[in-house]
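Here the protein sequences come in this chain order: D and R.
Oh and the first sequence: position 47 is 47 in the numbering used here, straight run, nothing missing.
Oh and the second sequence: position 356 is 721 in the numbering used here, straight run, nothing missing.
Right, one structure below, let's go through it.
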Amino acid sequence: MPKPYLGLLALFVTSVMAFAGPVEDNIAAIKSVPPRGEQNVAAAKAASWLSQSATAEDLVPILAAMNDADPLAANWLRGAFESVTARTISDQKFPADQIEAFAKDTSNTPRVRRLAYEWLIKVDESAPKRFDLLNDPSPEMRRDAVAALIEQAEQADEDASRVIWQKAIVAAVDEDQVDTISKALKKLEIPFNYVDHFGLVVDWHVIGPFDNHEMKGFPVPYPPEKEVRLDATYEGQKGPVKWEPFHSEESDGAFDLAKLTEPHKGAVDYIYTEFNAGGAQDVEFRLGTANAWKLWVNDELVFAREEYHRGMRFDQYIVPGKLKAGKNTILIKVCQNEQDQDWAQRWAVQFRICNTEGRAVHPVE
Amino acid sequence: MTYLTRATACLLLLSSLAQADWRQFRGNETNGLSAGASTKEWAGTEQPIEWSAELPGRGLSSPIIIGDSVAITASSGPRQERLHVILLDAQDGTQIWERQFWATGRTVCHPKTSVAAPTPASDGERIFAFYSSNDLACLDLQGNLLWYRGLTYDFPNASNSLGMSSSLVVVGNVVIAMVESDDESFAIGLDTATGTTKWKVDRPRRANWTSPSLMENGDKTLVLLQSSAGVSALDPETGEEAWNYSDGASTIPTLVTAGSTAFVPSHGITALRPGTSNPKVPEILWQESALSPGTASPVVWGDGVYVVNGAGVMTKASLENGEKLWQARMRGPFSASPVVVGGKFYCINENGLAQVIDPADKGKTISTHEFNETVLGTPSVTQNGIYVRSDGHVWKVSLKY
Chain D
1 MPKPYLGLLA LFVTSVMAFA GPVEDNIAAI KSVPPRGEQN VAAAKAASWL
51 SQSATAEDLV PILAAMNDAD PLAANWLRGA FESVTARTIS DQKFPADQIE
101 AFAKDTSNTP RVRRLAYEWL IKVDESAPKR FDLLNDPSPE MRRDAVAALI
151 EQAEQADEDA SRVIWQKAIV AAVDEDQVDT ISKALKKLEI PFNYVDHFGL
201 VVDWHVIGPF DNHEMKGFPV PYPPEKEVRL DATYEGQKGP VKWEPFHSEE
251 SDGAFDLAKL TEPHKGAVDY IYTEFNAGGA QDVEFRLGTA NAWKLWVNDE
301 LVFAREEYHR GMRFDQYIVP GKLKAGKNTI LIKVCQNEQD QDWAQRWAVQ
351 FRICNTEGRA VHPVE
Chain R
366 MTYLTRATAC LLLLSSLAQA DWRQFRGNET NGLSAGASTK EWAGTEQPIE
416 WSAELPGRGL SSPIIIGDSV AITASSGPRQ ERLHVILLDA QDGTQIWERQ
466 FWATGRTVCH PKTSVAAPTP ASDGERIFAF YSSNDLACLD LQGNLLWYRG
516 LTYDFPNASN SLGMSSSLVV VGNVVIAMVE SDDESFAIGL DTATGTTKWK
566 VDRPRRANWT SPSLMENGDK TLVLLQSSAG VSALDPETGE EAWNYSDGAS
616 TIPTLVTAGS TAFVPSHGIT ALRPGTSNPK VPEILWQESA LSPGTASPVV
666 WGDGVYVVNG AGVMTKASLE NGEKLWQARM RGPFSASPVV VGGKFYCINE
716 NGLAQVIDPA DKGKTISTHE FNETVLGTPS VTQNGIYVRS DGHVWKVSLK
766 Y
């Protein structure tokens, strides 16, 4: 080869080595897509390239990229992954062994493992037999096994079902499955503590009411927003108010202010607790309430929501956040408006802390 | 262009019109009227089901029809956090592809509704799938993701604890979404090709389940957004307000337009059209408080505006002055809005009982069909069939002779 061509070849090889391959480049372009549609043009180009040009051997790298992608980028990558997967299945080039290995690898993110698993079982119906789903650390993977146990327990005689139901409740995390199992346990008079299972917080200090006449109190920073001193007294809506401890006995862990204190209208209460965490960790703060609310964790406002009486449901709000090791302070502002309909009298909060899969995080002593 | 080419083009155009798509909620014109649907003879208590297909999740969005394909959305998972888009063959209901996404917004909703409540839309080349979580996925007809937006991910307080249901509408190269709740509320126009924001306007902070509607006004198409505050008419290209009706309106049934007149669920029904002396203020033609739509949206057909109330009574009123012309009791309750198929009204109640109503015979029921499943979504219609969906299935009712 003449020298000039050798030089060009060297330049080409150097260029290729200096940059990641096109798959990695396009994955990186997608993972850097910010919210609000900014850089959508670049992300769309990258997604299109992956969908059209990636091959069977690129599927695991695309899956792996979803592990730490933000929720938006994960969907962009998922779209490309599913297009390529559908094509490889159609071409009979689906890399089942690699996908199975990815799905079994518990270091991967649960929902990405689940995605790999679901495509795998589309091409290999026998694959589930090779997974120990019931003992999988991820509830996302365990859900099918729990469903199978529920079915089994429903068919079994009473003695056998006692064992199966108890096995099922240990594995269950999703509310629908826990509800089904807990009802069966109750029928069999087997003790089950809903509050402990989900890690609902039922002990709070309460102060209030402060004024929320015409819903004007939501933005007002009443004294507890500036300081939490449990021995302090402040001027409230109807006179002096001070912190008082309350414990919820509700079976669903709801902290019912209207019942525990008084069903004030046009009012604001604050509830406060401390949570001793075993270590610093990413968590989700999950709330159910039919009232407007604000949440502070360790004096930082984490989320605020001004909506009244659109229902109260389990895990109605899921707020990502962090706990530090040791003492964490949790303050919630709970606002009641002045609607007089029967269905608009609820003034309560259901609150828990869990990991990203819904498994309760319990405080340490 | 040669004569032959022109003739072929004309034939293709006629053919495409005859096979008219149904590309968004209540059809291409958002009015519930089918273009070119059959004048089938209806009779009896059984309607011909050409095919049915199982769905992988819940939903009350309408199917949309693009050429020979039916696109439909569904949601599944313990918290309905899995968002499905499915494309079916309109001929036999077989699945062409299915894609799933993870909800990036809140999926909590009232048990009666579901996350797949808003109807998707299409511009004929792309499918825009929208959900109560305010996730918006754009795919091509081969199932490739073109772009993705998470509107609650972008604006975290844009959600409703009862669920959201406003459908999308596409005008030119803009896809428009209404995201209205007691907290953060806005309407947004996105570029159909890239999903980038062309415009965003603040909307009343009040929960709202109505959908955008189209109004032809001269050579312009306006997008009408209804809310508890009234109706705002926007230029779909820029989001600029052309006119505003500020006397309040319902947050559940959606207005319908006929030409440049809007029939708005407001003080009963209010008929209004763009103002002439002050173009910013619409002219009220009439108001009739006795016309009170329930959940189903009103329909305009021929010389009447038709309203179904909460008790399942259909009323025909004069387009000219709102005067009641006749009433007919159907078996309700209704969540789905009526659609007009070959001059007849196809109405499905929540229990899945389809009732074909003849407006030329004072609302007489001329055919029924039991789907035996809860049906909350409005049917979609093409020349060959009526598409009905439940939480578990989609059916095609044949309109072939």
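Don't be surprised by glycine CBs; every beta carbon is placed ideally from N, CA and C.
Practice task
Would you list the one or two residues that DSSP bridges to Glu648/R?
Solution key: Working through the second sequence from its first residue, we reach residue 648/R at position 283. Arg638/R.
Practice task
Taking only beta-carbon positions, decide if Ser381/R is within less than 7 Å of chain D.
Solution key: As a position in the second sequence, residue 381/R is number 16, starting the count at 1. In this predicted model, Ser381/R has a pLDDT of only 42, less than 50, meaning its place in the structure is not dependable enough to derive any value.
Practice task
Please list, in chain order, all residues of the same chain as Asp500/R whose beta carbon is under 7 Å from its beta carbon, the five residues on each side excluded.
Solution key: For the purposes of this step, residue 500/R is identified with residue 135 of the second sequence, where counting begins at 1. Excluding residues within five positions, the ones whose Cβ falls inside 7 Å are Leu448, Phe466, Ala468, Thr469, Gly470, Gly515.
Handout entry: Contacting residues, own chain, Cβ-Cβ under 6 Å from Thr484/R (five flanking each side not counted)
Key = Looking up residue 484/R in the second sequence gives position 119. Counting only Cβ-Cβ distances below 6 Å, and skipping sequence neighbours, we find Phe390, Ser426, Ser427, Ser532.
Problem - Beta carbon of Val746/R nearer than 7 Å to that of Ser399/R - result: In the second sequence, the residue the question calls residue 746/R occupies position 381. In the second sequence, the residue the question calls residue 399/R occupies position 34. Yes, they are a contact pair.
Exercise for the section: Taking His309/D and Ala277/D to be in contact with their CB atoms under 8 Å, please state how far apart those CB atoms are, rounded to whole angstroms. Expected result: Residue numbering aside, residue 309/D sits at position 309 when the first sequence is read from its first letter. Residue numbering aside, residue 277/D sits at position 277 when the first sequence is read from its first letter. His309/D to Ala277/D, Cβ: 33 Å. No contact.
Practice task
Go ahead and label Tyr368/R buried or exposed: buried means 16 or more other beta carbons lie within 10 angstroms of its beta carbon, across all protein chains shown.
Solution key: Translated into positions along the second sequence, residue 368/R becomes position 3. With a pLDDT of only 38 at Tyr368/R, under 50, the local geometry of the prediction cannot be trusted, and the value read off the model is given with reservation. Under this definition Tyr368/R is an exposed residue.
Practice task
Can you grab the Cα-Cα spacing for the pair Thr517/R / Gln316/D, in whole Å?
Solution key: The count along the second sequence starts at 1 and reaches residue 517/R at position 152. The count along the first sequence starts at 1 and reaches residue 316/D at position 316. Cα to Cα, Thr517/R sits roughly 15 Å from Gln316/D.
Exercise for the section: Could you have a look at Leu9/D and say whether DSSP puts it in helix, strand or coil? Expected result: As a working note, residue 9/D is residue 9 in the first sequence. Legend: pLDDT at Leu9/D = 47, less than 50; position of this residue unreliable, value from coordinates given subsequently. Leu9/D falls in the helix class under three-state DSSP.
Exercise for the section: Answer with yes or no whether the minimum CB distance from Asp547/R to chain D is below 7 Å. Expected result: For the purposes of this step, residue 547/R is identified with residue 182 of the second sequence, where counting begins at 1. Look at Asp547/R: its C-beta is under 7 Å from a C-beta on chain D.
Handout entry: N-terminal and C-terminal residue of the alpha helix (DSSP H) that Ser182/D is part of
Key = Mapped onto the first sequence, residue 182/D falls at position 182. Unbroken alpha helix (DSSP H) run through Ser182/D: 175–187.
Problem - Delimiting residues of the beta strand (DSSP E) encompassing Ala627/R - result: Taking the first residue of the second sequence as position 1, residue 627/R is located at position 262. DSSP places Ala627/R in the uninterrupted beta strand (DSSP E) bounded by 626–629.
Handout entry: Cβ-based burial, Thr395/R [other Cβ within 10 Å; buried from 16]
Key = Start at 1 with the first residue of the second sequence, and residue 395/R comes out as number 30. Under this definition Thr395/R is a buried residue.
Problem - Contacts that Pro443/R makes with chain D (C-beta to C-beta distance below 8 Å) - result: Taking the first residue of the second sequence as position 1, residue 443/R is located at position 78. The contacting residues are Arg143, Asp174, Glu175, Asp176, Gln177.
Practice task
Going by DSSP, name the residue or residues bridged to Lys761/R.
Solution key: The count along the second sequence starts at 1 and reaches residue 761/R at position 396. DSSP output for Lys761/R lists Trp416/R, Tyr752/R as bridge partner(s).
Exercise for the section: Check the Cβ of His475/R against every Cβ in chain D and list those closer than 8 Å, keeping chain order. Expected result: Within the second sequence, numbered from 1, the residue matching residue 475/R stands at position 110. Chain D residues near His475/R: Gly311.
Exercise for the section: Flag Ser107/D as yes if its beta-carbon sits less than 7 Å from any beta-carbon of chain A, otherwise no. Expected result: Included in the structure are the protein chains D and R, with no chain A among them.
Practice task
Can you say whether Gln52/D is buried or exposed, counting buried as having 16 or more other CB atoms within 10 angstroms of its CB?
Solution key: Along the first sequence, read from residue 1 onward, the residue named residue 52/D stands at position 52. Classification for Gln52/D: exposed.
Handout entry: Boundaries (first-last residue) of the alpha helix (DSSP H) holding Trp119/D
Key = As a position in the first sequence, residue 119/D is number 119, starting the count at 1. For Trp119/D, the uninterrupted alpha helix (DSSP H) segment begins and ends at 110–123.
Practice task
Alpha carbon to alpha carbon, how far is Gln456/R from Ser434/R? Give it in angstroms, no decimals.
Solution key: In the second sequence, the residue the question calls residue 434/R occupies position 69. In the second sequence, the residue the question calls residue 456/R occupies position 91. For Ser434/R and Gln456/R, the distance between alpha carbons rounds to 8 Å.
Handout entry: Inter-residue spacing [alpha-carbon to alpha-carbon] between Pro372/D and Asn298/D
Key = Summary: the structure shown does not reach residue 372/D, with chain D confined to residues 1 through 365, and so no result is reported for it.
Handout entry: Ranges of the beta strand (DSSP E) found wholly within the stretch 552–607 of chain R, counting only runs of at least 3
Key = Here the runs fully enclosed are 562–567, 578–582, 585–592, 595–599.
Problem - Other residues of its chain near Thr619/R: CB distance less than 7 Å, five sequence neighbours each side excluded - result: Stepping through the second sequence from its first residue, residue 619/R is reached at position 254. Cβ neighbours of Thr619/R within its own chain (closer than 7 Å, five residues either side excluded): Thr575, Ser576, Ser578, Gln591, Ser662.
Practice task
Give a yes or no on whether 7 Å exceeds the smallest Cβ distance from Gln339/D to chain R.
Solution key: Here residue 339/D is taken as the residue at index 339 of the first sequence, counted from 1. For Gln339/D, not one C-beta of chain R is nearer than 7 Å to its own C-beta.
Exercise for the section: Please confirm whether any heavy atom of the ligand NAD lies closer than 6 Å to the CB of Ala258/D. Expected result: Questions concerning the ligand NAD fall outside what the structure shown contains, since it holds no ligand whatsoever.
Exercise for the section: Please name the residue in Phe628/R, Gly595/R, Asp567/R whose C-alpha comes closest to that of Leu684/R. Expected result: Within the second sequence, numbered from 1, the residue matching residue 684/R stands at position 319. Nearest of Phe628/R, Gly595/R, Asp567/R to Leu684/R, Cα basis: Phe628/R.
Handout entry: Residue nearest to Ala29/D in terms of C-alpha spacing, selected from Ala80/D, Val60/D, Phe314/D
Key = By 1-based counting over the first sequence, the position of residue 29/D is 29. Measuring from the Cα of Ala29/D, the nearest candidate turns out to be Ala80/D.
Handout entry: Gln350/D - DSSP class collapsed to helix/strand/coil
Key = Here residue 350/D corresponds to residue number 350 of the first sequence, with the count starting at 1. If DSSP states are grouped into helix, strand and coil, Gln350/D belongs with the strands.
Problem - Residues from the stretch 450–477 of chain R in contact with chain D, defined by Cβ distance under 8 Å - result: From the stretch 450–477 of chain R, only Trp462, Arg464, Gln465, Phe466, Trp467, Thr469, Arg471, Val473, His475 have a Cβ closer than 8 Å to chain D.
Exercise for the section: Pull out every residue of the stretch 69–99 of chain D whose Cβ sits closer than 8 Å to any Cβ of chain R, in chain order. Expected result: Result list: Pro71, Leu72, Ala74, Asn75, Trp76, Arg78, Gly79, Ala80, Glu82, Ser83, Ala86.
Practice task
Closer than 9 Å, Cβ to Cβ, to anything on chain R: give me those residues from the stretch 297–308 of chain D, in chain order.
Solution key: Going along the stretch 297–308 of chain D in chain order, one finds Phe303, Ala304, Arg305, Glu306, Glu307, Tyr308 with a Cβ nearer than 9 Å to chain R.
Practice task
Would you mind telling me which residues of chain R sit closer than 8 Å to Val41/D, beta carbon to beta carbon, in chain order?
Solution key: Sequence index remark: in the first sequence, residue 41/D carries index 41 (1-based). Residues of chain R passing the Cβ test: Thr559, Thr561.
Problem - Ala267/D, buried or exposed, once every other Cβ within 10 Å from all chains shown has been counted against 16 - result: For the purposes of this step, residue 267/D is taken as the residue at position 267 of the first sequence. With 16 or more Cβ atoms within 10 Å of its Cβ, Ala267/D is classed as buried.
Exercise for the section: Run the CB neighbour count on Asn643/R, radius 10 Å, all protein chains shown included, and call it buried at 16 or more, exposed below. Expected result: Translated into positions along the second sequence, residue 643/R becomes position 278. A residue is called buried when at least 16 other Cβ atoms come within 10 angstroms of its Cβ; Asn643/R does not meet this threshold and is exposed.
Practice task
Please state whether DSSP places Leu684/R in a helix, a strand or coil.
Solution key: Here the question's residue 684/R lines up with position 319 in the second sequence. Coil, per DSSP.
Problem - Below-7 Å beta-carbon distance, Ala46/D vs any chain R residue - result: Sequence index remark: in the first sequence, residue 46/D carries index 46 (1-based). Taking 7 Å as the threshold, the shortest C-beta distance from Ala46/D to chain R does not fall below it.
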